[in-house]
Amino acid sequence: MTVKNRPAISRVINQGGFGCIFYPSLPCKKETKRNSNTNSSEYVSKLVKNNFSSENEIRIGKLIQGIPFYSLYYVPVIQSCTASLAKVNEREIKKCSIISGKSSSTATATTATNAAEKKAKRAIDDGSKKFILLKMKYVENIKFTKYLLSIRDKKHILNTLFDTYSYFLFSLEQLMKNGIVHYDFKWDNAVIDLKTGLPVILDFGISIPMNLLLDQQDQDQQDQDQQDQDNTDAYEAYRDYFYVYFPEYSLWCIEIHLINYVLNKHSRITPESLQGTIETYVDSNDAFTILSPEFIDRYKKLCYSTMERFINQSRKYVIGECLKHWNTWDNYALSISYLQVIKFISTSGFTSNQFLISFSEILMDNIHPDPSRRSDYATTRYKYKSIFYQDVNIENYELLIDNFDFDDFRSNSVKESKRNEDMFSQMSQQGGHASPL
Numbered sequence: 000m001t002v003k004n005r006p007a008i009s010r011v012i013n014q015g016g017f018g019c020i021f022y023p024s025l026p027c028k029k030e031t032k033r034n035s036n037t038n039s040s041e042y043v044s045k046l047v048k049n050n051f052s053s054e055n056e057i058r059i060g061k062l063i064q065g066i067p068f069y070s071l072y073y074v075p076v077i078q079s080c081t082a083s084l085a086k087v088n089e090r091e092i093k094k095c096s097i098i099s100g101k102s103s104s105t106a107t108a109t110t111a112t113n114a115a116e117k118k119a120k121r122a123i124d125d126g127s128k129k130f131i132l133l134k135m136k137y138v139e140n141i142k143f144t145k146y147l148l149s150i151r152d153k154k155h156i157l158n159t160l161f162d163t164y165s166y167f168l169f170s171l172e173q174l175m176k177n178g179i180v181h182y183d184f185k186w187d188n189a190v191i192d193l194k195t196g197l198p199v200i201l202d203f204g205i206s207i208p209m210n211l212l213l214d215q216q217d218q219d220q221q222d223q224d225q226q227d228q229d230n231t232d233a234y235e236a237y238r239d240y241f242y243v244y245f246p247e248y249s250l251w252c253i254e255i256h257l258i259n260y261v262l263n264k265h266s267r268i269t270p271e272s273l274q275g276t277i278e279t280y281v282d283s284n285d286a287f288t289i290l291s292p293e294f295i296d297r298y299k300k301l302c303y304s305t306m307e308r309f310i311n312q313s314r315k316y317v318i319g320e321c322l323k324h325w326n327t328w329d330n331y332a333l334s335i336s337y338l339q340v341i342k343f344i345s346t347s348g349f350t351s352n353q354f355l356i357s358f359s360e361i362l363m364d365n366i367h368p369d370p371s372r373r374s375d376y377a378t379t380r381y382k383y384k385s386i387f388y389q390d391v392n393i394e395n396y397e398l399l400i401d402n403f404d405f406d407d408f409r410s411n412s413v414k415e416s417k418r419n420e421d422m423f424s425q426m427s428q429q430g431g432h433a434s435p436l
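14 is the number that numbering that gives the first Met the number 0 gives to position 15 of the sequence shown; each next residue is one higher, with no gaps.
Take a look at the structure:
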């Protein structure tokens, strides 16, 4: 008698407010030639609610798949379908909080809730459109910051940190060229693919298909009464992406916060609201703690002088002008992320090392309060390569390695990463969005 190998049980390996990650991938309810090859250990699936966010992630996934060799840089959704939960281990189903209706911290089933969970399972398997299955390539990985902290050699740590800057720069530039704003680049969304050793970018749940949004803007403006440029209904498409006013979130630039203000707070910006937004935006940003109080004060004043033209202007004007600089937004987030890290590299401060000064100047150009003065990707890349051709920077890079305090770097990097994630969760809850996985 021949015993066939049983397929591996799909298990919940992660979950959050958006849904549950199963590995190996769950099967689709209706198998087709197109999706049958994704039911294997080469794929994971994310069970999510069927809503705008899931539709958007599918849309972004299709755009990313048009980028040559995309799998070397990103992990997008490559397939979507209705899940066949009848083939899933019931114990794993109960662990998934969006099905059981319980928080992930209390996902262990009890007798009192078994009936409700079985009912939810039957409802989905009977063709309910409440949930959808998003499939992605399985990438055995380790979070970028955790990978850095696993390295014991100081030179290797710094080489990895600075080498991957160029890689992330290229990855985000390719998204921009294809009309995509990741919109949430941070260290928790960057991992090292253990198979290739390359960094890849995750989580496109709130990413913006900018070309589509701008096309929608043009259509809406044609339909809109030209005399009512603050009409709330005309901007509903924007609120799917600009869903919360939360200037504390440091990875979003000032113009993103202003768009969110006129969409979610008040249709008109006042001198007081602009000043308040700037104060919160700057004071909440840990990346600025490496800068002098005098510099921070100048930065705030430049923010105000740049953005005061939006005072008492219509929503249409503010949004239209701010969207002109969307191609700088991910580079801004990348620069903030690196500023947050390099402040832990030198205990004597970055101003004591010429290499860090040169690198910091590049990053500061990319977070300029005036978006028209930020460097584009090509200029950033050229400036970055140039600093390695200066003898003084080579010498200072070697000094940086010698003086690098690994224990201090480890402790502070972990805290910074957790702070960013906590801040995003707080912002998402305030805006009515669940935190991504």
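Quick reminder that beta carbons are idealized off the backbone N, C-alpha and C, glycines included.
*When the distance is taken between beta carbons, is I59 closer than 8 angstroms to L133?*
The count along the sequence shown starts at 1 and reaches residue 133 at position 134. The count along the sequence shown starts at 1 and reaches residue 59 at position 60. Not in contact: L133 and I59 (Cβ atoms no closer than 8 angstroms).
*asked:* I want to know whether the stretch 249 to 261 touches the stretch 308 to 320 - three or more CB-CB distances under 8 angstroms.
replied: yes
_Is Y237 close to the ligand MG? I mean its beta-carbon at under 7 angstroms from any heavy atom of the ligand._
The model on display carries no ligand, and the ligand MG is accordingly not part of it.
*Any idea what DSSP makes of V190, helix, strand or coil?*
Locating residue 190 in the sequence shown gives position 191, where the first residue counts as 1. If DSSP states are grouped into helix, strand and coil, V190 belongs with the strands.
_If you follow the alpha helix (DSSP H) that G275 is in, where does it begin and where does it stop?_
Start at 1 with the first residue of the sequence shown, and residue 275 comes out as number 276. From DSSP, the alpha helix (DSSP H) with G275 extends over 270 to 282.
*Looking at the unbroken beta strand (DSSP E) that takes in C321, where does it start and where does it end?*
Your numbering for residue 321 matches position 322 in the sequence shown. That residue, C321, is in no beta strand (DSSP E); its alpha helix (DSSP H) goes 314 to 322.
*Same chain only: Cβ atoms within 8 angstroms of T159, ignoring 5 sequence neighbours per side*: For this step, residue 159 is matched to residue 160 along the sequence shown. Listed in chain order, the non-local C-beta contacts of T159 below 8 angstroms within the same chain comprise Y146, L147, I150, local neighbours out to five positions each way being set aside.
*Just mark D152 as buried or exposed, buried being the case when its beta carbon has 16 or more other beta carbons within 10 Å.*
As a position in the sequence shown, residue 152 is number 153, starting the count at 1. The residue in question, D152, is exposed, as its Cβ has fewer than 16 Cβ neighbours within 10 Å.
*Are D329 and H181 close, meaning C-beta to C-beta below 8 angstroms?*
Within the sequence shown, the letter at position 330 stands for residue 329. Within the sequence shown, the letter at position 182 stands for residue 181. Yes; because the gap between Cβ atoms is below 8 angstroms, this pair is in contact.
*Work out the CA separation of V243 and G275 for me, nearest whole Å.*
Taking the first residue of the sequence shown as position 1, residue 275 is located at position 276. Taking the first residue of the sequence shown as position 1, residue 243 is located at position 244. Inter-residue distance for G275 and V243 is about 16 angstroms (C-alpha atoms, whole angstroms).
_Looking at the strands, I want to know which residues DSSP matches up with I141._
Within the sequence shown, residue 141 is the residue found at index 142, counting from 1. In the DSSP output, where bridge partners are listed per residue, I141 has I191.
*asked:* Am I right that Y331 and N365 are in contact with their C-beta atoms under 8 angstroms? What's the rounded C-beta distance?
replied: Here residue 331 corresponds to residue number 332 of the sequence shown, with the count starting at 1. Here residue 365 corresponds to residue number 366 of the sequence shown, with the count starting at 1. Indeed they touch by this definition, with Cβ atoms about 6 angstroms apart.
_Beta-carbon proximity check, G18 vs L46, cutoff 8 angstroms_ = Position 19 of the sequence shown, counted from the start, is the residue given in the question as residue 18. Position 47 of the sequence shown, counted from the start, is the residue given in the question as residue 46. In contact: G18 and L46 (Cβ atoms closer than 8 angstroms).
*Run through DSSP, which three-state label would K136 get?*
Numbered from its first residue, the sequence shown carries residue 136 at position 137. Looking at K136 - three-state DSSP - the assignment turns out to be strand.
*Roughly how many whole angstroms lie between the Cα atoms of K129 and I335?*
As a position in the sequence shown, residue 129 is number 130, starting the count at 1. As a position in the sequence shown, residue 335 is number 336, starting the count at 1. Whole-angstrom Cα-Cα distance: 37 angstroms.
_Buried versus exposed, by CB contacts within 10 Å (16 or more), L193_ = Against the sequence shown, residue 193 aligns to sequence position 194. Classification for L193: exposed.
*asked:* Threshold first: 4 residues or longer. Then list the alpha helix (DSSP H) segments lying entirely within the stretch 377 to 407, N to C.
replied: 390 to 402
*asked:* If I follow the unbroken beta strand (DSSP E) through V11, where does it start and stop?
replied: Here residue 11 refers to the residue found at position 12 of the sequence shown. For V11, the enclosing beta strand (DSSP E) starts and ends at 10 to 15.
*Can you list, in chain order, the residues of its chain whose CB lies under 6 angstroms from that of N4, leaving out five sequence neighbours each side?*
On the sequence shown, position 5 is the one that residue 4 refers to. Model confidence at N4 stands at a pLDDT of 44, short of 50, so the residue's coordinates are unreliable and nothing is read from them.
*Run of the alpha helix (DSSP H) containing C302, from where it starts to where it stops*: Here the question's residue 302 lines up with position 303 in the sequence shown. Start and end: 292 to 306.
*Whole-angstrom distance between K300 and M306, CA atom to CA atom*: Numbered from 1 along the sequence shown, position 307 holds the residue referred to as residue 306. Numbered from 1 along the sequence shown, position 301 holds the residue referred to as residue 300. Straight-line Cα distance between these residues: approximately 10 angstroms.
*Does the Cβ of R314 have 16 or more other Cβ atoms within 10 Å, making it buried, or fewer, making it exposed?*
The residue you call residue 314 lines up with position 315 of the sequence shown. It is buried - the Cβ of R314 has at least 16 other Cβ atoms within 10 Å.
*Tell me whether the beta-carbon of I141 lies closer than 8 angstroms to the beta-carbon of V76.*
Taking the sequence shown and counting its residues from 1, the one referred to as residue 141 is at position 142. Taking the sequence shown and counting its residues from 1, the one referred to as residue 76 is at position 77. The answer is no: Cβ separation not under 8 angstroms.
*What number of angstroms, rounded off, separates the C-alpha of P505 from the C-alpha of I207?*
The question about residue 505 has no answer here: the residues shown for the chain are numbered 0 through 436.
*N395 to L362, Cα distance in whole Å?*
In the sequence shown, counting from the first residue as 1, residue 395 sits at position 396. In the sequence shown, counting from the first residue as 1, residue 362 sits at position 363. C-alpha separation (whole angstroms): 18 angstroms.
*Please classify I8: is it buried, with 16 or more other beta-carbons within 10 angstroms of its beta-carbon, or exposed?*
As a working note, residue 8 is residue 9 in the sequence shown. Exposed, since its Cβ has fewer than 16 Cβ neighbours within 10 Å.
*Assuming K136 contacts Y42 under a Cβ cut-off of 8 angstroms, what Cβ separation, rounded to an integer in Å, is found between them?*
Residue mapping note: residue 136 aligns to position 137 of the sequence shown, counting from 1. Residue mapping note: residue 42 aligns to position 43 of the sequence shown, counting from 1. With 8 angstroms as the limit, K136 and Y42 qualify as a contact, their Cβ atoms being about 6 angstroms apart.
*asked:* Assuming K48 is part of the beta strand (DSSP E), what are its boundary residues?
replied: To locate residue 48, count along the sequence shown from 1; it is residue 49. Segment 42 to 48, the beta strand (DSSP E) holding K48.
*Look up G483 in the DSSP assignment and say whether it is helix, strand or coil.*
The structure shown has nothing for residue 483, since the chain only spans 0 to 436.
*Specify the secondary structure class of V261 as computed by DSSP and reduced to three states.*
Numbered from 1 along the sequence shown, position 262 holds the residue referred to as residue 261. If DSSP states are grouped into helix, strand and coil, V261 belongs with the helices.
*Tell me whether I150 sits in a helix, a strand or coil according to DSSP, three-state version.*
In the sequence shown, counting from the first residue as 1, residue 150 sits at position 151. I150 falls in the coil class under three-state DSSP.
*How far does the beta strand (DSSP E) with V76 in it reach, from first residue to last?*
Translated into positions along the sequence shown, residue 76 becomes position 77. Where V76 is concerned, the enclosing beta strand (DSSP E) stretches over 76 to 80.
_Assigned secondary structure, P67 (DSSP; H/G/I helix, E/B strand, else coil)_ = By one-based count along the sequence shown, residue 67 stands at place 68. Reduced to three states, the DSSP call for P67 is coil.
_Burial state of I12, where buried means 16 or more other Cβ atoms lie within 10 Å_ = Your numbering for residue 12 matches position 13 in the sequence shown. Exposed, since its Cβ has fewer than 16 Cβ neighbours within 10 Å.
*F21, enclosing beta strand (DSSP E) - first and last residue*: As a position in the sequence shown, residue 21 is number 22, starting the count at 1. DSSP places F21 inside the beta strand (DSSP E), whose first and last residues are 18 to 22.
*In terms of residues, what are the limits of the alpha helix (DSSP H) holding V477?*
The question about residue 477 has no answer, for the chain in this structure spans 0 to 436.
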